[in-house]
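First up is the structure itself, then whatever we jot down about it.
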Amino acid sequence: MTDLPPNAQNPEENATNDVAQELLRRLRQKQGNWVEWGAAIASLLKTGYNPQDIFEATGFEPIQQNQVVVGSQVYNSLEKFGVSEETRSHYATRGSDVLYELRLLTQEERAAAAELIFVHNVDADEAREIAKALKEFSYYRTLPEGFSAHPGDAVAHQVWKLARQNADLQQRSRLIAKGLRFAHTPAARQKIEQLLTDFTTVPQRPAPILPFYRLEVEEQLPRILPVVGEMPLSRQDLQAVPIMTEIEPFRMVKFAGEQAWVPLPGWQVLLAAVDPVVILANSDRFPIQTQSQIGPVVVVVDRAQREWDASSYFVVENGGELDFQWFETEPEIPLLGQIIIIVRPKKILDEELTKDSWQIDE
-16 MTDLPPNAQN PEENATNDVA QELLRRLRQK QGNWVEWGAA IASLLKTGYN
34 PQDIFEATGF EPIQQNQVVV GSQVYNSLEK FGVSEETRSH YATRGSDVLY
84 ELRLLTQEER AAAAELIFVH NVDADEAREI AKALKEFSYY RTLPEGFSAH
134 PGDAVAHQVW KLARQNADLQ QRSRLIAKGL RFAHTPAARQ KIEQLLTDFT
184 TVPQRPAPIL PFYRLEVEEQ LPRILPVVGE MPLSRQDLQA VPIMTEIEPF
234 RMVKFAGEQA WVPLPGWQVL LAAVDPVVIL ANSDRFPIQT QSQIGPVVVV
284 VDRAQREWDA SSYFVVENGG ELDFQWFETE PEIPLLGQII IIVRPKKILD
334 EELTKDSWQI DE
């Protein structure tokens, strides 16, 4: 395996390449403990390496990288809330998979859960159940009757609920044994023991189906474009809009300061544009008028396309203001961008009519 260069864009904000290569070497040779591995991988990710780079250079698979990075962050938070030295020493040498399961808990809950898991010596699968029980228990404004705020009682309460919903005697017995194992207070143990003689079952309400949707075609995922403004505009206005960078897979856009944006369907012409911006105008601003009705339009201009083309319209500067023009021959004035699409607003036949859906149905 070879050391790969980072993908960092700004070296001033990243660690030096020598430091990165040293981290890669330590990871490749498995030097230190897993907590140190997690810190090293997190540092490399910040310097611009991607998980595949690190995998090829060290042998740490991306899923393992995520586990040790998150697990090490959980480990570092344990010390802030006073876990025992025995517990801390235990997790310093093993347990990244267990601590990873505690990532959604608060730092205080993580420490309590880590102590409980260490005492009962549970694996990652059971740790996930414990984390879920603690998180759900934290939602109660008033503690359930018979159960204290101790994490053991929180787990016991979760098991108590599951046992009451289970009519299968074998499964019910297994859950009761688990509840007694984790119950911390006498009152919690008593609540669990009552299930040995009370065989009443409480129907479980099924969780609702998550509203997942998948975007099937490009046009369902709009392209968000920065708006220069409404005509009249100057050349400086057009050039002042910063180049926008989209973040896949959802074309997320980040920006700072005041800026207007408009979403447009993912038409191929828009996806192919290099530096598109939007100008708001009326349809009568164009040199050739073919439509009978004049109204507002969205004019999409690709600022990267400045080479003359006899089949295209362009944005130019005319008397200090932006103008739309077509040129039969190559012009001598600078072209500021090519008009790639003009969008009319959705046509509404009768605004008042659309307010009454029953009228439309008829």
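Once you know that position 340 of the sequence shown is 323 in our numbering, the rest is easy, because the numbers rise by one and skip nothing. Positions of the beta carbon are idealized from the N, C-alpha and C atoms, including for glycine.
Same chain, Cβ closer than 7 Å to residue i, five either side skipped, listed in chain order
i: Val66; result: Ala94, Ala97 and Glu98
i: Glu(-5); result: Because the pLDDT of Glu(-5) is 47, which lies under 50, any placement of that residue in the model is unreliable, and the number read from its coordinates should be weighed accordingly. Excluding residues within five positions, none has a Cβ falling inside 7 Å.
i: Arg268; result: Met214 and Phe307
i: Leu126; result: Ala132
i: Met227; result: Pro209 and Val236
Within 9 Å, strictly: CB atoms of residue i and residue j
i: Asp258; j: Ala287; result: yes
i: Leu253; j: Val283; result: yes
i: Gly320; j: Val260; result: yes
i: Val52; j: Gly31; result: no
i: Phe43; j: Leu88; result: no
i: Thr186; j: Gln148; result: The sequence as given places Pro at residue 186; Thr does not occur at that position. Cβ distance < 9 Å, so Pro186 and Gln148 count as in contact.
i: Val18; j: Tyr83; result: no
i: Ala243; j: Val210; result: yes
i: Ala160; j: Phe130; result: no
i: Leu158; j: Leu145; result: yes
Rounded straight-line distance, which links the Cα of residue j to that of residue i
i: Gln342; j: Ala293; result: Low confidence applies here, because Gln342 scores a pLDDT of 44, under 50, leaving its location unreliable; read the following figure in that light. Approximately 48 Å between the Cα atoms of the pair.
i: Val236; j: Glu213; result: 22 Å
i: Trp291; j: Leu318; result: 7 Å
i: Thr41; j: Ala132; result: 44 Å
i: Phe101; j: Thr70; result: 6 Å
i: Ala220; j: Glu315; result: For the record, residue 220 in the displayed sequence is Asp; it is not Ala. Spanning the two alpha carbons is a distance of roughly 22 Å.
i: Leu247; j: Leu61; result: 47 Å
i: Lys115; j: Val142; result: 11 Å
i: Val2; j: Gln48; result: 19 Å
i: Leu7; j: Ile323; result: 47 Å
i: Asn0; j: Pro232; result: 29 Å
i: Asp80; j: Ser121; result: 23 Å
i: Arg327; j: Trp250; result: 15 Å
i: Val245; j: Ser156; result: 59 Å
i: Ile24; j: Phe182; result: 52 Å
i: Lys29; j: Lys63; result: 24 Å
i: Gln222; j: Val298; result: 12 Å
Range covered by the alpha helix (DSSP H) that runs through residue i
i: Ile37; result: Pro34 to Thr41
i: Tyr74; result: Glu68 to Thr76
i: Phe101; result: Gln90 to His103
i: Phe165; result: Leu152 to Phe165
i: Asp1; result: Asn0 to Arg11
Where residue i falls, given that 16 or more other Cβ within 10 Å makes a residue buried
i: Gly240; result: exposed
i: Asp285; result: buried
i: Tyr296; result: buried
i: Ala110; result: buried
i: Ser55; result: buried
i: Tyr123; result: exposed
i: Lys174; result: buried
i: Val200; result: exposed
i: Gln50; result: buried
i: Ile192; result: exposed
i: Leu85; result: buried
i: Leu179; result: exposed
i: Ile46; result: exposed
i: Arg206; result: buried
Residue-chain proximity (residue i, chain D), Cβ-Cβ < 9 Å
i: Lys13; result: The question asks about chain D, but that chain is absent: this structure has only one protein chain.
Beta strand (DSSP E) segment containing residue i, residue limits
i: Arg206; result: Arg206 to Glu213
i: Ala264; result: Pro259 to Asn265
Proximal residues to residue i (C-beta, below 6 Å), its chain only, five neighbours per side dropped
i: Leu263; result: Glu213
i: Phe165; result: Gly135, Val138 and Ala139
i: Glu300; result: Arg218
Beta-carbon proximity list for residue i, same chain, < 8 Å, skipping 5 on both sides
i: Met(-16); result: The pLDDT assigned to Met(-16) is 46, lower than 50, so where the model puts this residue is not dependable, and the model offers no usable value.
i: Asn16; result: Ala75 and Thr76
i: Asn265; result: Met214, Ile277, Gly278, Pro279 and Val280
Any non-hydrogen atom of the ligand PLP closer than 8 Å to residue i Cβ
i: Gln173; result: No copy of the ligand PLP appears in this structure; indeed no ligand is present at all.
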